[in-house]
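Asker: Sequential numbering from 1 applies to the sequence shown in UniProt numbering.
Heads up, the beta-carbon is just placed ideally off N, CA and C, and yes, glycines get one too.
All values derive from a computational prediction rather than experimental measurement.
Can you read through this structure? Questions will come right after.
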Amino acid sequence: MPSYRDFHRESIDDPEGFWRREAARIHWETPFSDVLDRSNPPFARWFCGGRTNLCHNAVDRHLAARAQQDALIYVSTETGIERRYTYASLHAEVNRMAAVMRSLGVKRGDRVLIYLPMIPEAVFAMLACARLGAIHSVVFGGFAAPSLAARIDDARPALIVTADAGARGGKVIDYTPLVDEALSRAQHAPAQVLLIDRQLAPERLKAPYIVDYEPLREQYFDAHVPCEWLESNEPSYVLYTSGTTGKPKGVQRDVGGYAVALAASMEYIFEGRPGDVMFTASDIGWVVGHSYIIYAPLLAGLTTVMYEGTPVRPDGGIWWRLVEQYRINLMFTAPTAIRVLKKQDPALLRAADLSSLRTLFLAGEPLDEPTAAWIGDALGKPVVDNYWQTETGWPMLAIQRGVEALPQKLGSPGVPVYGYDLRLLDEHTGEPCASGDKGVIALGYPLPPGCMSTVWGDDARFVKTYWQSVPGQHVYSTFDWGVQDDDGYVTILGRTDDVINVAGHRLGTREIEEALSSHAAVAEVAVVGVNDAVKGQAAIAFVVLRDAGAVDDPDAAKKLEAALAATVDRQLGAIARPARVHFVSSLPKTRSGKLLRRAIAALAEGRDPGDLPTIEDPAALVLIREVVMGRG
Ligand code: ATP
Ligand code: MG
1 MPSYRDFHRE SIDDPEGFWR REAARIHWET PFSDVLDRSN PPFARWFCGG
51 RTNLCHNAVD RHLAARAQQD ALIYVSTETG IERRYTYASL HAEVNRMAAV
101 MRSLGVKRGD RVLIYLPMIP EAVFAMLACA RLGAIHSVVF GGFAAPSLAA
151 RIDDARPALI VTADAGARGG KVIDYTPLVD EALSRAQHAP AQVLLIDRQL
201 APERLKAPYI VDYEPLREQY FDAHVPCEWL ESNEPSYVLY TSGTTGKPKG
251 VQRDVGGYAV ALAASMEYIF EGRPGDVMFT ASDIGWVVGH SYIIYAPLLA
301 GLTTVMYEGT PVRPDGGIWW RLVEQYRINL MFTAPTAIRV LKKQDPALLR
351 AADLSSLRTL FLAGEPLDEP TAAWIGDALG KPVVDNYWQT ETGWPMLAIQ
401 RGVEALPQKL GSPGVPVYGY DLRLLDEHTG EPCASGDKGV IALGYPLPPG
451 CMSTVWGDDA RFVKTYWQSV PGQHVYSTFD WGVQDDDGYV TILGRTDDVI
501 NVAGHRLGTR EIEEALSSHA AVAEVAVVGV NDAVKGQAAI AFVVLRDAGA
551 VDDPDAAKKL EAALAATVDR QLGAIARPAR VHFVSSLPKT RSGKLLRRAI
601 AALAEGRDPG DLPTIEDPAA LVLIREVVMG RG
């Protein structure tokens, strides 16, 4: 194996040669003629003329060598159900689902909107779409009707697949009334909805447009549906971004490039080997779920564990017991989940036999140092932070242990991943930043295979939003802000719209959050900027304490506020000191655990937070409003 540096260099200097070699990881029904078509920047087309199929590569291709190996292990602590599917039985289920979809008129190029909880049928449905050449668009189950309607109108699906209900923390969430409301709001509602009846909802809707899956599955029990061989650049799916920073964008992905990129990432980043067991605790509605619950582990011949439930039910030891029971080798989740587990009894972690586990991967939001240190010590295994976006589909920054196990640096997700020409640029001049200087994280053209090919139905938005925001440069902007050290390690400082300007000083809210969370009393924190007549902007902090009782009396609160201010002074200087610290019992987050800073900032300025994604705990938002108005 070459050194990381040489490996990365080669991928940038000779992308054609580099990716031609990697393309051999998947089956091509028709070989490609060109590795890369750069004739129409910023668009890039990978493996032109090649024909392949994601479902064939994820399922059928493994039948020869691993038909009896588990492909999918399903565990629900909500329903108590456990199911195992070998590659052979997964193949059979996907064929049934594909035959049912085909009988309902779904064909190549059609969109199928999948609004499902974490059940195996969601995997069958996604793979069935891939098999038929239909484009899936998975919408996170539990999104409210208006969000669902907006996605229906953007994707214009030929079919919706849903279930009677989802379940979370022991509560049943009826889906059919949500779907019904979304359909009546939408302009482009499909004629039919395929329903997976889990018999969870006491009374599900019996609208005439609803078709039951079970009888059709019986009817097509022995069906064989051939894979459609798609040109590498045909769309495989559309997935909407979380909407943390604005109107969600329909990220469109290709077929061949995605398959190659994911298969390669399993070796170089995740060190996953055929036969390994991988547990990605995320949701199929997010990109981490698409890439690392479903496609990547299956493409590489692993066993994937799909989990419906929370990390703390029946108790905070459940994930660790899963590791023991299924001999899980690789685990992947978000820092939020670890922060939740950190509040649990550490004995629960020690009680499980974690000897099978090799590495824990974390992504999706900043991994603060205390959390990284805690989980690293508790597990005694490498914890690999990795940074990416819905748009890229796979990591941009990571320690690539399968290439070279470079040392970790706390607070940094690591170095640029091969294929990514990642640069830090001055947001005003577009000039490269010197190491140590803060800049926008940008990617040079072309983006590597697996990244978004365009915004669904809106090429102009793809060009304008992503490629024309750094002055004077034709680069892709991540809209994240970071700093790179002399060894190439990048630290994420937050999103570009999280930068605040205090008396002429540009500060990242993330840096202030890091400083505050280093104080032992702090469990979680959000910092936002609000308008300030004197300084332009001022930082306001919302802090969740480990022990809420610590600020029961006003004097104690004052004291702690002063101690927190002193912590910031020490680490960043007095200029970064928050003008006000509010103590709250929870922070508003999306279901994927992302802080809703934009909404918090709006409330902190007394504005209306506007359109919001589904919030994990809506009461948290009310709380912010109240403390800001002095009633908290
Ligand atoms: P929208 O683009 O609609 O506002 P979103 O950006 O929240 O939504 P995602 O694509 O799910 O939607 O999130 C990607 C973002 O999450 C990154 O741009 C970055 O801000 C953050 N992020 C992801 N991984 C990390 C990480 N390891 N460290 C720090 N931040 C991360
Ligand atoms: Mg984003």
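#1: Exposed or buried, what is V534 when buried is set at 16 or more other beta-carbons lying within 10 Å of its beta-carbon?
#2: Terminal residues of the continuous beta strand (DSSP E) containing residue 659?
#3: Can you tell me whether P416 is helix, strand or coil according to DSSP?
#4: Rounding to the nearest angstrom, what Cα-Cα distance links K171 and R21 in this structure?
#5: Taking 8 Å as the threshold (C-beta atoms), are L239 and N53 in contact?
#6: Quick one: give me the first and last residue of the alpha helix (DSSP H) that residue 670 is part of.
#7: Check whether the segment 12-27 and the segment 209-227 touch, using three or more Cβ-Cβ pairs below 8 Å as the test.
#8: Taking T336 and G536 to be in contact with their CB atoms under 8 Å, please state how far apart those CB atoms are, rounded to whole angstroms.
#9: Taking the alpha carbon of G504 as the point to measure from, which residue in D480, D532 and F479 has its own alpha carbon closest?
#10: Once you ignore the five residues that flank M331 on each side, which residues in its own chain have a CB closer than 8 Å to its CB?
#11: Can you tell me where the alpha helix (DSSP H) with H56 in it begins and where it stops?
#12: For the structure I just gave you, are there three or more beta carbon pairs, one from the segment 254-273 and one from the segment 449-461, closer than 8 Å?
#13: Taking the alpha helix (DSSP H) that F279 belongs to, which residues open and close that run?
#14: Per DSSP, what kind of secondary structure is L195 in: helix, strand or coil?
#15: Use the C-beta contact count for H56: other C-beta atoms within 10 angstroms, 16 or more gives buried, fewer gives exposed.
#16: What residues in its chain sit with their C-beta under 6 Å from that of G632, if we drop five residues either side in the sequence?
#17: For K342, which of helix, strand or coil comes out of DSSP?
#18: Note down the Cα distance separating I375 from I338, rounded to an integer number of angstroms.
#19: Using alpha carbons as the reference points, say which of D154, S147 and Y220 lies closest to H188.
#20: Residues in the same chain with beta-carbon distance under 7 Å from D421, minus the five sequence neighbours each way, listed in chain order, please.
#21: Might you give, ordered along the chain, the residues of its own chain that have their beta carbon closer than 8 Å to the beta carbon of E82, omitting 5 neighbours on each side?
#22: Relative to the C-alpha of L341, which residue among E308, M101, A261 and A378 is closest?
#23: Sort I210, S355 and Q389 by Cα distance to K381 and report the nearest one.
#24: At 4 residues or longer, what runs of the alpha helix (DSSP H) sit wholly inside the UniProt domain "Acetyl-coenzyme A synthetase N-terminal" (4-58)?
#25: Going straight from the alpha carbon of A460 to that of P41, what length do you get?
#26: Hey, would you say the C-beta of Q497 is under 7 Å away from at least one heavy atom of ligand 1?
#27: To the nearest angstrom, how far is the alpha carbon of R5 from that of L406?
#28: Can you check which of these residues, G49, F43, R45 and G17, is closest to P31 by C-alpha distance?
#29: Consult DSSP for A405 and reduce its assignment to one of helix, strand or coil.
#30: Which class does D480 belong to by DSSP, given the choice of helix, strand or coil?
#31: With a CB to CB cut of under 8 Å and the five nearest residues on each side skipped, what residues in its chain are close to H474?
#32: Here's the rule I'm using: 16 or more other beta-carbon atoms within 10 Å means buried, otherwise exposed. How should S184 be labelled?
#33: Using three-state DSSP, classify A182 as helix, strand or coil.
#34: Which word fits D555, buried or exposed, when buried means at least 16 other C-beta atoms lie within 10 angstroms of its C-beta?
Answerer: A quick look at the data gives this:
#1: exposed
#2: Outside the modelled stretch of the chain, which goes from 1 to 632, sits residue 659, for which no answer is possible.
#3: strand
#4: 49 Å
#5: no
#6: Residue numbering for the chain in the displayed model covers 1 to 632; residue 670 lies beyond these limits and cannot be assessed.
#7: no
#8: Their Cβ separation, rounded to whole angstroms, is 31 Å, which puts T336 and G536 out of contact at 8 Å.
#9: D532
#10: M278, F279, T280, A281, W319, V323, L357, T359, L360 and F361
#11: L54 to A58
#12: yes
#13: Unbroken run through F279 is the beta strand (DSSP E), V277 to T280; no alpha helix (DSSP H).
#14: strand
#15: buried
#16: Confidence at G632 is low in this model, with a pLDDT of 47, below 50, so its placement is unreliable and the value that follows should be read with caution. Counting only Cβ-Cβ distances below 6 Å, and skipping sequence neighbours, we find E626.
#17: helix
#18: 7 Å
#19: D154
#20: I12, L443 and G444
#21: I73, Y74, V75 and S76
#22: A378
#23: S355
#24: 4-13, 15-22 and 54-58
#25: 12 Å
#26: Note that residue 497 corresponds to Asp in the displayed sequence, not to Gln. Flag unset: Cβ of D497 not near ligand 1.
#27: 10 Å
#28: G49
#29: coil
#30: strand
#31: P41, P42, Y445 and W467
#32: exposed
#33: helix
#34: exposed
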